[in-house]
Amino acid sequence: MGDSNDFFEKVYAVVRQIPEGRVSSYGAIAKSVGAAKSARMVGYALHASIQNGVDIPAHRVVNRNGLLTGKFHFFSDTLMEQMLHAEGVLVENDRVVDFKRLFWNPSEHINDLL
DNA sequence: CGGATGACGGGTC
DNA sequence: AGACCCGCCATCC
51 MGDSNDFFEK
61 VYAVVRQIPE
71 GRVSSYGAIA
81 KSVGAAKSAR
91 MVGYALHASI
101 QNGVDIPAHR
111 VVNRNGLLTG
121 KFHFFSDTLM
131 EQMLHAEGVL
141 VENDRVVDFK
151 RLFWNPSEHI
161 NDLL
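Take 51 as the starting number for the first sequence in my numbering and just add one per residue.
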C-alpha cells in the first residue's frame, strides 16, 4: 500500500523519534522517509495529525531556519512555543534559539526506525 | 479541468 | 541577513 496514508504514517513514525528537547525540520523528515522533494507534504501531514488528534510531538518540527512556521495551526497560537519551552527549548521571535545545536537529523538515526 | 494554495527548501542577488 | 524566485505535489475551489 504505497498510498498517501502510508506517507503520513511514516512521517508520524519519524516525528515520534524526535527526542524531547530537540527539534527537526520538514525537509529533513521528508528525506528520511524517501520523499526529499515533498517537504510541503510533511507539513500537510502534521496539520492533519492535529485535526485527527494523532498523538505525536508535532511542536518539535520547525522549518529549515528554525522558525515556528506551524504555530498558527495549534489550538492556540502560543501553544507550540509553550510546549517547546516546557521541554527546555527556548524561542525568540518565533525562532528556536540554538537551532543548529538542537537540530536532530532523522537520517542519522534511520537504523532505529524503518 | 486549470489555477490557486500551502506547517517547504535550495539557490540567487 | 533578508527578499525573492522557482520547483515540488496533494488538495481545494
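We put the CB at the ideal spot given by N, CA and C, even for glycine.
Remember, predicted model here, so these are calculated numbers, not experimental data.
Check	Outcome
Other residues of its chain near G93: CB distance less than 6 Å, five sequence neighbours each side excluded	Y76
Buried versus exposed call for N55 [16 or more other C-beta atoms within 10 Å across all chains shown]	exposed
Proximity to N155 [Cα-Cα], best of V83, E137 and V104	V83
Start-to-end residues for the alpha helix (DSSP H) that takes in G93	A89 to Q101
Check whether V139 and V111 have beta carbons under 8 Å apart	no
Counted within 10 angstroms of its Cβ, other Cβ atoms place K60 as buried (16 or more) or exposed	buried
Distance, Y62 Cα to A80 Cα	11 Å
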